[in-house]
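**Q** Just so it is clear: in the sequence shown, position 30 is 94 by my numbering, and no numbers are missing. In this text, a Cβ means the ideal position worked out from N, Cα and C, and glycines have one as well.
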Amino acid sequence: MSALSTQENHPAEPLVDIGVNLTHPSFASNRQEVLQRAHDAGVRQMLLTGTSIAESEKALALCHELDPSGSSLYCTAGVHPHDAKDWRADSARQLQQLLQESRVRAVGECGLDFNRDFSPRERQQAALEAQLQLAAETGLPVFLHERDASQRMLEILKSVRDHLCNAVIHCFTGERQALYAYLDLGLHIGITGWICDERRGTHLQQLVRDIPAGRLMLESDAPYLLPRSLQPRPRNNLNEPAYLVQVLYDVARCRGESPSALAAHTTACARRFFSLH
Numbered sequence: 065m066s067a068l069s070t071q072e073n074h075p076a077e078p079l080v081d082i083g084v085n086l087t088h089p090s091f092a093s094n095r096q097e098v099l100q101r102a103h104d105a106g107v108r109q110m111l112l113t114g115t116s117i118a119e120s121e122k123a124l125a126l127c128h129e130l131d132p133s134g135s136s137l138y139c140t141a142g143v144h145p146h147d148a149k150d151w152r153a154d155s156a157r158q159l160q161q162l163l164q165e166s167r168v169r170a171v172g173e174c175g176l177d178f179n180r181d182f183s184p185r186e187r188q189q190a191a192l193e194a195q196l197q198l199a200a201e202t203g204l205p206v207f208l209h210e211r212d213a214s215q216r217m218l219e220i221l222k223s224v225r226d227h228l229c230n231a232v233i234h235c236f237t238g239e240r241q242a243l244y245a246y247l248d249l250g251l252h253i254g255i256t257g258w259i260c261d262e263r264r265g266t267h268l269q270q271l272v273r274d275i276p277a278g279r280l281m282l283e284s285d286a287p288y289l290l291p292r293s294l295q296p297r298p299r300n301n302l303n304e305p306a307y308l309v310q311v312l313y314d315v316a317r318c319r320g321e322s323p324s325a326l327a328a329h330t331t332a333c334a335r336r337f338f339s340l341h
């Protein structure tokens, strides 16, 4: 039985998942099946996340391999703050080449992570600033990661915002002050299954009401962040794009909207933001 079988209906409007880590090894043996389940659940377009030069190249290759027609799979290309320690003199050149590809629709995942500090903070900031410069030069939007670093992130973004076409804070998990500051900068907000977590996501259930329609997008961040409200839970405990429907239902409930209305405006927003067909 599917973990989604408890939902009476799938949304009438198609969904766009703006963050899928399809290059993750857990998907290596069943990517086609994962995509089919997503399609059956109503998730019709996806952005595959690039987190390093090598992973961005893999994401691009998967777009061509799994969606030859170019109608459903797109990707980002960038260097995650965890991998910023590997940013080298030629990284900007390599990334710039990837950003010329038609399937690449955003710069990132890039940003700051002062929670785990897998890369030194100065290296994270240097890599982020270099990628924001590439976004300004190419005219592509930015797919941003931020953990426990909103103050520094805002300082950097304020200095370059006028040169960026658009940016989204992917998997927003912060507090009210950070949300309002990002919205004041004209940024978009991505919401994941974090909001479905009764242990740490309850504050988002209030905050998500304050995100204007047209600035809100949904994402699975699969295989991470399996929605804890999903029943029954999959035996492998891994998230999939198909489970974005659970995020949709929880966000709709928190916002006092119908799932179809939420699907309609978040899909329209994602298609505008990433210039999807």
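Throw me the rounded Cβ distance for the A231 and D177 pair, which I believe falls under 8 Å.
**A** That pair is no contact at about 16 Å.
**Q** Starting from H128, trace the alpha helix (DSSP H) both ways and give me its first and last residue.
**A** Taken as a continuous stretch (DSSP letters only), the alpha helix (DSSP H) holding H128 covers 117-130.
**Q** Between V80 and the rest of its own chain, which residues show a CB-CB distance below 6 Å, the 5 nearest in sequence each way excluded?
**A** Closer than 6 Å at the Cβ level, and outside the excluded window around V80, lie Q109, T331, A334.
**Q** So, for C229: in the same chain, excluding its five sequence neighbours on each side, which residues have a beta-carbon less than 8 Å away from its beta-carbon?
**A** These residues qualify, in order along the chain: A199, G203, L204, P205.
**Q** Classify R264 as buried or exposed, calling it buried when 16 or more other Cβ atoms lie within 10 Å of its own Cβ.
**A** Burial call: exposed.
**Q** Between the Cα of F236 and the Cα atoms of E119, P75, A325, L268, which residue gives the shortest distance?
**A** Checking every option, the nearest Cα to that of F236 belongs to L268.
**Q** So, with DSSP's three-state summary, where would you put A67?
**A** Because the pLDDT at A67 is just 47, under 50, the model does not fix this residue reliably, and the point stays unresolved.
**Q** What's the call for R297, buried or exposed, on a 16-neighbour Cβ count within 10 Å?
**A** Its Cβ having fewer than 16 others within 10 Å, R297 is exposed.
**Q** Which whole runs of the beta strand (DSSP E) in the region 152-192 are 3 residues long or more, in chain order?
**A** Correct list: 168-177.
**Q** Using the rule of at least 16 other Cβ atoms within 10 Å of the residue's Cβ for burial, across every protein chain shown, is A327 buried or exposed?
**A** Buried.
**Q** Would you mind working out which of P291, A277, A153, P78 sits nearest G250, comparing C-alpha positions?
**A** The candidate whose alpha carbon is nearest that of G250 is A277.
**Q** In angstroms, rounded to a whole number, what distance separates the CA positions of E173 and T113?
**A** If I take the Cα positions, the gap works out to 7 Å.
**Q** Drop a sphere of 10 angstroms on the beta-carbon of P184, count the other beta-carbons inside from all chains shown, and report buried for 16 or more, exposed for fewer.
**A** P184 comes out exposed.
**Q** Determine the DSSP secondary structure at Q109, reduced to helix, strand or coil.
**A** Looking at Q109 - three-state DSSP - the assignment turns out to be strand.
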